[in-house]
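S.K.:
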Amino acid sequence: MNVQNLYNYGNLFEAGATQINNYYGSQSSTDHPQLPAKLSRGQAETLFVSLKQKGFLGADATLDSWLQVMGCQMAQKWSPVNWIKTKETLRLLLTGIYAEELEHKAFKLKDLAEMTAHCFIDGKGNFMQLAKPKTENSIDTDYIEQLISDLKKSEGITD
Numbered sequence: 005m006n007v008q009n010l011y012n013y014g015n016l017f018e019a020g021a022t023q024i025n026n027y028y029g030s031q032s033s034t035d036h037p038q039l040p041a042k043l044s045r046g047q048a049e050t051l052f053v054s055l056k057q058k059g060f061l062g063a064d065a066t067l068d069s070w071l072q073v074m075g076c077q078m079a080q081k082w083s084p085v086n087w088i089k090t091k092e093t094l095r096l097l098l099t100g101i102y103a104e105e106l107e108h109k110a111f112k113l114k115d116l117a118e119m120t121a122h123c124f125i126d127g128k129g130n131f132m133q134l135a136k137p138k139t140e141n142s143i144d145t146d147y148i149e150q151l152i153s154d155l156k157k158s159e160g161i162t163d
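The numbering of the sequence shown is our numbering, which starts it at 5 and goes up by one.
1. Counting only runs that start and end within the segment 55 to 133, where is the alpha helix (DSSP H) found for 4 or more residues in a row?
2. Measuring straight from C-alpha to C-alpha, what distance separates Ile143 and Lys91?
3. Report buried or exposed for Pro84, applying the criterion of at least 16 other Cβ atoms within 10 angstroms of its Cβ.
4. For Ala135, tell me which candidate among Lys58, Lys81 and Leu96 has the shortest Cα-Cα distance.
5. Report the rounded CA-to-CA distance for Arg45 versus Lys157, giving the unit in angstroms.
6. Taking the alpha-carbon positions, what's the Glu107 to Lys42 distance?
7. What residues in its chain sit with their C-beta under 7 angstroms from that of Gln72, if we drop five residues either side in the sequence?
8. Rounded to whole angstroms, what is the Cα-Cα separation between Lys89 and Phe124?
9. Taking the continuous alpha helix (DSSP H) assigned at Ser142, which residues delimit it?
10. Hey, Leu55 and Leu61: beta-carbon distance below 8 angstroms or not?
11. Which term fits Leu10, buried or exposed, when burial requires 16 or more other beta carbons within 10 angstroms of its beta carbon?
Pasting the structure below:
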């Protein structure tokens, strides 16, 4: 691991901690929770289109809200992203995106779960909690794993 990677982990950890502190420190109706920025805007847009086409996101999910949640922008009009598929597939997607940070302890899965709980809602409008890992795979989990693999091949995400 080189010095630049350590610097990047430190910045990402600090940004994530700041977002958690800011959110929990002042929960007003104008707060827009978001995950630490990891993907480029282009990657986040591509991921949004793929997830929407495959039915992971609700019909009302907007690109602006998705970019907000993924840390790519501050949206003027924001609402939680409606995740239609299982909590397991959401956990798989997010742990895949943030695998390096979780592995190097930039933040813990618990921290990611706390941030996620305010960013995504289920089909009934309830805020989502990340699921515990399961050993069963499905067509949906296979698709998410392929998306993560594709993201890692593109710029910005590395093992």
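In this text, a Cβ means the ideal position worked out from N, Cα and C, and glycines have one as well.
As the structure is a prediction and not an experimental result, all values here were calculated from the model.
M.R.: If we stick to the structure as given:
1. Fully enclosed alpha helix (DSSP H) runs of 4 or longer: 67 to 73, 91 to 101, 103 to 107 and 113 to 120.
2. On the sequence shown, residue 143 is found 139 positions in, with the first residue counted as 1. On the sequence shown, residue 91 is found 87 positions in, with the first residue counted as 1. Looking at the two C-alpha atoms, the distance is approximately 14 angstroms.
3. Position 80 of the sequence shown, counting from 1, holds the residue named residue 84. The residue in question, Pro84, is buried, as its Cβ has 16 or more Cβ neighbours within 10 Å.
4. For this step, residue 135 is matched to residue 131 along the sequence shown. Its Cα nearest to that of Ala135, the residue Leu96 stands out among Lys58, Lys81 and Leu96.
5. As a first step, residue 45 is located in the sequence shown; it is residue number 41 there, counting from the start. As a first step, residue 157 is located in the sequence shown; it is residue number 153 there, counting from the start. The alpha-carbon separation between Arg45 and Lys157 amounts to approximately 16 angstroms.
6. Against the sequence shown, residue 107 aligns to sequence position 103. Against the sequence shown, residue 42 aligns to sequence position 38. Glu107 and Lys42 have their alpha carbons spaced roughly 15 angstroms apart.
7. Translated into positions along the sequence shown, residue 72 becomes position 68. Exclusion of the five residues before and after Gln72 leaves His36, Gln38, Met78, Ala79 and Trp82 as the residues of its chain whose Cβ lies within less than 7 angstroms of its Cβ.
8. Here residue 89 corresponds to residue number 85 of the sequence shown, with the count starting at 1. Here residue 124 corresponds to residue number 120 of the sequence shown, with the count starting at 1. Between Lys89 and Phe124, the C-alpha separation is close to 11 angstroms.
9. Start at 1 with the first residue of the sequence shown, and residue 142 comes out as number 138. From DSSP, Ser142 is part of no alpha helix (DSSP H); its letter is neither H nor E.
10. Counted from its first residue, the sequence shown places residue 55 at position 51. Counted from its first residue, the sequence shown places residue 61 at position 57. Inclusion of Leu55 and Leu61 in the CB contact set at 8 angstroms is warranted, their separation being smaller than that value.
11. The residue labelled residue 10 in the question sits at position 6 within the sequence shown. Summary for Leu10: the model assigns pLDDT 48, below 50, so the residue's position carries little reliability; its value from the coordinates is reported in the next sentence. It counts as exposed.
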